[in-house]
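See below for the structure under consideration.
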Ligand code: GLN
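Numbering (the UniProt record's numbering), first residue to last: 27 to 479.
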């Protein structure tokens with residue numbers, strides 16, 4: 027822990043941590059030492075972790091990287107982080123993210139952008155760590171924590187993991203409790219780990235997962251020994267390659283990486299087959315209706331009364347208006363406007379209801395592939411490697427949304443997905459491959475992920 031505390035201080039230029047909690051870390055580590063000496067070590071005893079600033083941490087400032095939460099200090103701990111601490115893990119601090127987890131580059135955080143520890147060959151230009159869990163991915167890649175918590179609504183665990191050469195797991199919807207995690211789009215949000223290896227991710231997920239009566243969507247499924255699954259291999263498994271993911275304009279490099287990944291799985295004894303997910307082409311459009319719709323409703327609670335910041339006005343309505351105008355950033359406002367528009371009378375059927383129908387069709391595509399004997403699906407995690415800081419944020423927002431093209435279907439269908447580092451692009455930046463599994467079958471993802479890693 028003390029080595030990590032020092033590393034965090036020395037790497038402040040990356041801006042990965044928005045709050046360092048060294049005293050808490052050292053106190054937790056000392057308590058760990060006592061338990062180890064007493065022979066009562068938990069499964070994560072003494073392991074130093076970073077926490078995405080979307081997880082409420084009792085007595086420790088939690089902001090979702092939005093000005094509207096100000097200096098909000100929760101009086102409660104999220105279920106997921108509480109479980110990590112109960113298993114002996116140590117908290118190093120809070121990690122940056124895109125404001126309210128809306129973004130793909132960690133450039134919308136009110137604490138400023140995070141930079142990846144990676145650079146293109148022969149260049150000093152700053153590279154984004156992905157998003158929204160960019161603080162988590164940068165910190166894990168730069169060894170500023172052993173692993174980190176993250177959340178994924180449309181790709182925010184897997185995309186930053188791919189961009190930084192780390193492993194990210196988005197569990198099945200309901201696998202981890204959402205209680206105490208600041209909500210973005212509640213029907214899509216899931217917590218999961220970003221770690222250095224598949225094995226570390228498996229160990230961490232075991233502690234994070236499980237039924238929680240405080241989240242009615244958390245599922246009463248057995249939490250298996252994910253670590254045991256890591257070494258299981260893929261002999262006899264059937265891995266699907268969705269032909270529709272060969273998106274026009276996908277680089278030859280990504281295509282080659284994908285083929286290489288399929289070959290590694292074949293070499294390890296898997297049977298690789300083509301599958302069809304025909305509704306994938308509508309996924310991004312459906313996601314950018316459903317996610318903002320839910321966000322506009324979830325963000326209604328930030329009114330200057332209940333949490334954090336307030337900007338006074340002549341009367342209560344103008345106080346709400348002033349608070350929200352000053353407290354939310356540009357991207358968050360864009361999502362609120364899109365969300366309220368698609369939910370408004372007269373447009374609800376044309377947008378929101380249709381998007382929900384598309385969502386059902388996407389889920390059905392996956393169900394059909396799994397019913398045909400496919401155990402997991404292999405795709406690239408992203409259409410390209412990480413981009414430069416500032417390169418996309420100033421351009422058309424839709425450009426940024428496209429980096430989630432391979433990840434959003436998984437959230438819409440509620441399935442588990444993992445991103446595993448699979449190589450470097452021509453400029454020396456990491457690339458990831460994604461495996462998508464059946465509901466509550468993260469074990470197969472760990473087994474197949476280990477073969478690719
Ligand atoms: N980039 C996507 C968005 O902005 C996904 C974010 C996420 O998974 N939290 O909505």
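Virtual Cβ for every residue (Gly too), placed ideally from N, Cα, C. What you are looking at is a predicted structure, and each value in this text was computed from that prediction instead of being measured.
Given residue i as reference, the closest of the options once Cα atoms are compared
i	options	result
residue 407	434, 369 and 296	434
residue 428	273, 437, 460 and 316	273
residue 468	195, 338, 239 and 264	195
residue 379	363, 320, 417 and 335	320
residue 80	74, 119 and 69	119
residue 284	314, 432 and 346	432
residue 266	391, 145 and 211	391
residue 229	32, 73, 412 and 421	73
residue 268	305, 262, 292 and 243	305
residue 218	67, 242, 187 and 243	187
residue 478	145, 47 and 287	287
residue 332	346, 341, 322 and 340	346
residue 107	276, 247, 130 and 208	208
residue 399	298, 143 and 475	298
residue 58	130, 77, 113 and 371	113
residue 307	77, 376 and 271	271
residue 212	132, 324 and 221	324
residue 77	241, 64 and 109	109
residue 97	225, 330 and 158	330
Cβ neighbours of residue i in the same chain (closer than 6 Å, five flanking residues each side left out)
i	result
residue 328	94
residue 312	381, 384 and 385
residue 198	442, 465 and 466
residue 418	425 and 426
residue 361	128, 318 and 321
residue 68	113 and 114
residue 48	31
Beta-carbon gap between residue i and residue j smaller than 7 Å
i	j	result
residue 279	residue 430	no
residue 92	residue 121	no
residue 258	residue 473	yes
residue 215	residue 179	yes
residue 317	residue 388	no
residue 232	residue 245	no
residue 164	residue 193	no
residue 480	residue 45	Here the chain has residues from 27 to 479 only, and residue 480 is not among them.
residue 404	residue 461	yes
residue 183	residue 173	no
residue 264	residue 401	yes
residue 146	residue 458	no
residue 365	residue 410	no
residue 415	residue 152	yes
residue 291	residue 260	yes
residue 368	residue 315	yes
residue 348	residue 334	no
residue 476	residue 256	yes
residue 156	residue 189	yes
residue 456	residue 191	yes
residue 154	residue 412	yes
Chain-order list of residues whose beta-carbon lies under 7 Å from that of residue i (same chain, five-residue window excluded)
i	result
residue 37	168 and 170
residue 134	124, 125, 128, 355 and 357
residue 235	197, 201, 202 and 249
Residues bridged to residue i (per DSSP)
i	result
residue 81	207
residue 50	In DSSP, residue 50 forms no bridge with anything.
residue 328	DSSP output for residue 328 lists no bridge partner at all.
residue 264	297
residue 76	119 and 174
residue 456	450
residue 110	Partner(s): none; residue 110 has no beta bridge.
residue 86	83
residue 445	194 and 460
residue 43	121
Own chain partners of residue i with C-beta closer than 8 Å, once the 5 adjacent residues on each side are dropped
i	result
residue 100	82, 83, 84, 85, 86, 88 and 206
residue 111	54, 103 and 117
residue 50	86 and 117
residue 62	71 and 72
Distance cut-off 6 Å: residue i Cβ against heavy atoms of the ligand ZN
i	result
residue 79	With respect to the ligand ZN, the structure shown offers nothing to examine, as its ligands consist of the ligand GLN.
Which runs of the alpha helix (DSSP H), 4 residues or longer, sit entirely within the region 117–177? 160–167
Every unbroken alpha helix (DSSP H) inside the region 348–429 [4 residues or more]: 356–369, 380–397 and 423–427
Beta strand (DSSP E) runs wholly inside the region 175–259, at least 3 long, in chain order: 193–196 and 216–221
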